[in-house]
């Protein structure tokens, strides 16, 4: 059995007469980075929302590390699934410093422990010198690394990335792709990347699934 298994997933939005997700299945090994490649409207971002619990499938089974998080009897809340998600706009808190943003992802620890762990993760993404800045004072590439750091602070079982490079210019995109892949591999993070850009796939993913 794989580390992550999605079996026969079905979903359609209300008033959606055609399309949707039909009998979609995929499996991912621990530490593997898989890209979902497809055009806008193909349903690839919807698949991430179903995995994270932001939408509820009509039917199917979702399993992470041999634990069922969704089937006909079980539907764990998003915060109970152990899944991190990074959106296209990064969703950082502008009123919190970089350090505080990352600390937000650390749970069930005292303030000093949370701060130490957050600083350790910021060092990992080479942003410790920016800890006291606010996100808007950082570059686009740095903001993305802050979002990654915050997600990793929660120690997710799997990390979902929804078009994470689309807001970066082409030159910056090349270096950030490499940095993100190196970080995910260093931390042995299992990840699903949604993109419409074949360049993202070639630079980051171990494997690609085409979504029609």
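Numbering (the numbering used here), first residue to last: 725 to 936. We put the CB at the ideal spot given by N, CA and C, even for glycine.
Residue 769: first and last residue of the uninterrupted alpha helix (DSSP H) it sits in = 768-776
Taking only runs that begin and end inside the segment 819-899, name each unbroken alpha helix (DSSP H) of 4 or more residues, in chain order.
-> 822-828, 835-848 and 864-877
Three or more C-beta pairs below 8 Å linking the segment 897-907 and the segment 917-931 = yes
Whole-Å CB distance - residue 917 paired with residue 757, under 8 Å assumed = 6 Å
In this structure, what does DSSP give as the bridge partners for residue 785?
-> 731
How many Å lie between residue 739 and residue 890 at the Cα?
-> 29 Å
Contact between the segment 853-865 and the segment 811-826 (3+ Cβ pairs under 8 Å) | yes
List the residues that DSSP assigns as beta-bridge partners of residue 748.
-> 733
Residue 732 classed as buried or exposed, judged by whether at least 16 other C-beta atoms fall within 10 angstroms = exposed
Keeping to the same chain, check which residues put their C-beta closer than 6 Å to that of residue 785; ignore five residues upstream and five downstream.
-> These residues qualify, in order along the chain: 731 and 795.
CA-to-CA distance, residue 782 to residue 841, given in whole angstroms | Computed Cα separation, rounded: 39 Å.
Using the Cα positions of residue 804 and residue 881, report the straight-line distance between them to the nearest angstrom.
-> Distance between the alpha carbons of residue 804 and residue 881 is about 11 Å.
Identity of the residue in 871, 770 and 802 nearest residue 826 by Cα | 871
What first and last residue would you give for the beta strand (DSSP E) that runs through residue 915?
-> Here the beta strand (DSSP E) through residue 915 covers 915-919.
Indicate the three-state DSSP secondary structure (helix, strand or coil) for residue 941 in the structure shown.
-> Because the chain spans 725 through 936 in this model, residue 941 falls outside it and cannot be assessed.
Answer with buried or exposed for residue 867, where buried requires no fewer than 16 other C-beta atoms within 10 angstroms of its C-beta.
-> buried
Where DSSP assigns a beta bridge to residue 932, which residues make up the other side?
-> 759
When DSSP labels each residue in this structure, what does residue 926 get in the three-state scheme?
-> Residue 926 falls in the helix class under three-state DSSP.
Can you round the beta-carbon distance between residue 914 and residue 755 to whole angstroms, since I take them to be within the 8 Å contact cut?
-> 6 Å
Are residue 883 and residue 772 touching if we call contact CB-CB under 7 Å?
-> With respect to the 7 Å criterion, residue 883 and residue 772 are not classified as neighbours on the basis of their beta carbons.
Considering residue 808, what are the terminal residues of the beta strand (DSSP E) in which it resides?
-> 807-810
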